[in-house]
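Since the structure comes first, as structure tokens, the remarks are kept for the end.
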Amino acid sequence: MQMVEEMQGGDGPSAWNKNYPVADGDRQSPIDILPHQARHDPNLGPFVLNYDRCTSINIANNGHSVVVEFEDSDDRSVIQGGPLDNPYRLKQFHFHWGGKGCHGSEHTVEGNSYASELHLVHWNAVKFKTFGEAASAPDGLAVLGIFLEGSVTDFKGFNPKCLLPSSLHYWTYLGSLTTPPLHESVTWIVVKEPMIVSEKQLGKFRTLVFTGEEEDERTRMENNFRPPQLLKGRTVRSSN
Ligand SMILES: Clc1ccc(Cc2nnn[n-]2)cc1
Ligand SMILES: [Zn+2]
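The sequence shown: position 37 = 121 (the numbering used here), numbered continuously.
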């Protein structure tokens, strides 16, 4: 996909640095995670999700993913602990996926990718008044990344918490948004254990289209992931 874009002079990830020079910055995401090179940090405690009173507002195809937005006018749905100095409010979650097989996640682990990756996007409402302000500040956002692995099992019901695997051990590093504006404002928390979802569920993503309802050609929405970026000397820490 990316090669084709380059040959056709497309506006895919490799061309983003034209309009967003930060694409070549020092804390870009995603990255390829090398578990043996991650530094185990005994001071890194567990992160805590308080989503019980979470109130989703809508679900939408925003042209490059499927996004569920949440009410974020108070601290009813927050993540805290782990590498975070204070609670961060849940703003939205969305997914990245591929066209088939096990490609589609944004982060990779020793070069291996998963079929999809769920991103729960949170913002630092203690330090900033709005999401927009937080989104361009170095400690403004915290994105929880959960790998989704295809399997024939099925699972019913839907609640952000039930999407979490049993073990919440994670890697954490300082990075960025993975689509323009690519702000270097994200404290990444990537859970090690993938969630198992059914091929049927993954198939649902692949029926989504990039094009708007009014447009006639239907471009299938797939491969909406940015490839891994250079670490540039950053340390990836591992919880216990
Ligand atoms: Cl508000 C917003 C902007 C960009 C993205 C894309 C992304 N960045 N990091 N993970 N996904 C998600 C939400
Ligand atoms: Zn994302």
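All C-beta atoms in this analysis are idealised placements derived from N, C-alpha and C, irrespective of residue type, glycine included.
- Taking 9 Å as the cut-off, the Cβ atoms of Glu-268 and Phe-289 do not count as close.
- Annotation: the continuous beta strand (DSSP E) that includes Gln-164 extends over 162 to 165.
- For His-178, the CB falls within less than 8 Å of some heavy atom of ligand 2.
- Per DSSP, the continuous beta strand (DSSP E) segment holding Ala-144 begins and ends at 140 to 145.
- Between Leu-174 and Thr-271, the gap from beta carbon to beta carbon reaches 9 Å or more.
- Distance between Gly-317 and His-120, taken at the CA atoms: about 16 Å.
- With the rule of 3 Cβ pairs closer than 8 Å, the segment 271 to 286 does not count as touching the segment 149 to 161.
- The beta carbon of Glu-190 sits closer than 8 Å to at least one heavy atom of ligand 1.
- Relative to Ser-140, the option among Phe-154, His-191 and His-253 whose CA is nearest is Phe-154.
- Judged by beta-carbon spacing, Trp-100 lies within the 9 Å limit of Pro-264, meaning their Cβ atoms are closer than that value.
- Not one heavy atom of ligand 2 is found less than 8 Å from the C-beta of His-187.
- Taking C-alpha positions only, Gly-183 is separated from Leu-204 by approximately 22 Å.
- Non-local beta-carbon contacts of Thr-192 in its own chain, meaning distances under 6 Å to residues more than five positions away in sequence, involve Asp-116 and Pro-312 in chain order.
- According to the DSSP assignment, Gln-176 belongs to the beta strand (DSSP E) that extends over 172 to 181.
- Counting of Cβ neighbours within 10 angstroms places Ala-218 among the buried residues, the total reaching 16 or more.
- In the three-state reduction of the DSSP assignment, Asp-108 falls in the helix class.
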